[in-house]
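Undergrad: Each residue of the sequence shown is one higher than the last, beginning at 2 in my numbering.
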Amino acid sequence: MDAIALEAKESMKKTIEAFQNELVTLRTGRASPAMLERIECDYYGDKIGINQISSVSSPEPRQLLVKPYDKNDVKSICAAIAAANIGVNPVNEGDCIRITIAPLTEETRRELVKKAKAMSEESKVAIRNIRRDFIDLVKASDDMTEDMQHQVQDEVQQVTDESVKEIESILAKKESEIMAI
């Protein structure tokens, strides 16, 4: 495989990883500490991730327990979770925060699947943009023969097709996870 196609593959792999990281934040029927990963709270005037100033665990399948390292941060973490609008109500228990995840309704599940599909489309567009950039790079190259350019373009297209299939399989797995009762 040509170096340009390998470089395109690496860029597309990063896009796929970003897509997977985005999907983790979607709420499924189970409690996952990753749900709180992107939530930032006020920490002495700065915004900082909840997972950096507390430990987040899942003692039960439908429950999260957030234990701040400093008890004074409980109120700001609780407020940040409530303001994040992820569909949960944090309960302040003094030295920790308990979050109970309600079972998803059929309508909510469908909305989450729609969000996941939108995220997958964004990732596919990003992969196609990477393909376009690398094909333009190949076309602009003066030191490649026309046959070599076509071969590299075909390799880049093959890598693109593989990446899109991988995104679709990840989406299908997440979709079945969301729709499972």
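Note that the Cβ used here is the ideal one computed from N, Cα and C, for glycine as well.
Using a Cβ-Cβ cutoff of less than 8 Å, which residues in the same chain neighbour Ala83 once the five nearest sequence positions on both sides are dropped?
TA: Mapped onto the sequence shown, residue 83 falls at position 82. Cβ neighbours of Ala83 beyond the five flanking positions: Asn90 and Pro91.
Undergrad: Could you tell me the boundaries of the alpha helix (DSSP H) in which Asn52 lies?
TA: The residue you call residue 52 lines up with position 51 of the sequence shown. It spans Ile51 to Ile54 - the alpha helix (DSSP H) in which Asn52 sits, taken as one unbroken run.
Undergrad: So within the region 91-133, which uninterrupted beta strand (DSSP E) runs reach at least 3 residues, ignoring any that extend past its ends?
TA: If we require 3 residues or more, the beta strand (DSSP E) runs fully inside the region 91-133 come out as 91-93 and 98-101.
Undergrad: Quick one: is Glu61 buried, meaning 16 or more other Cβ sit within 10 Å of its Cβ, or exposed?
TA: Locating residue 61 in the sequence shown gives position 60, counting from the first residue. Exposed, by the Cβ-count rule.
Undergrad: Apart from the five residues just before and just after Leu138, which ones in its own chain have a Cβ nearer than 7 Å to its Cβ?
TA: The sequence position of residue 138 within the sequence shown is 137, counting from 1. Ile5, listed in sequence order.
Undergrad: Should Ser142 go down as buried or exposed, given a rule of 16 or more other Cβ atoms within 10 Å for buried?
TA: Indexing the sequence shown from 1 puts residue 142 at position 141. Classification for Ser142: exposed.
Undergrad: Between the beta-carbon of Lys97 and the beta-carbon of Lys68, is there less than 7 Å?
TA: Your numbering for residue 97 matches position 96 in the sequence shown. Your numbering for residue 68 matches position 67 in the sequence shown. Reading the sequence as shown, one finds Cys at residue 97 and not Lys. Against a cut-off of 7 Å, the Cβ pair of Lys68 and Cys97 comes out as a contact.
Undergrad: Near Ala127, which residues of its chain fall below 6 Å by C-beta distance, leaving aside the five closest residues on each side in sequence?
TA: What you label residue 127 is simply residue 126 of the sequence shown in a count that begins at 1. These residues qualify, in order along the chain: Thr16.
Undergrad: Put Val89 into one of helix, strand or coil per three-state DSSP.
TA: Your numbering for residue 89 matches position 88 in the sequence shown. It is coil, neither helix nor strand.
Undergrad: For Asp43, does the three-state DSSP call read helix, strand or coil?
TA: The residue given as residue 43 occupies position 42 in the sequence shown. Three-state DSSP puts Asp43 in a strand.
Undergrad: State the start and end residues of the unbroken beta strand (DSSP E) segment that holds Leu66.
TA: Your numbering for residue 66 matches position 65 in the sequence shown. Gln64 to Pro69 is the extent of the beta strand (DSSP E) around Leu66.
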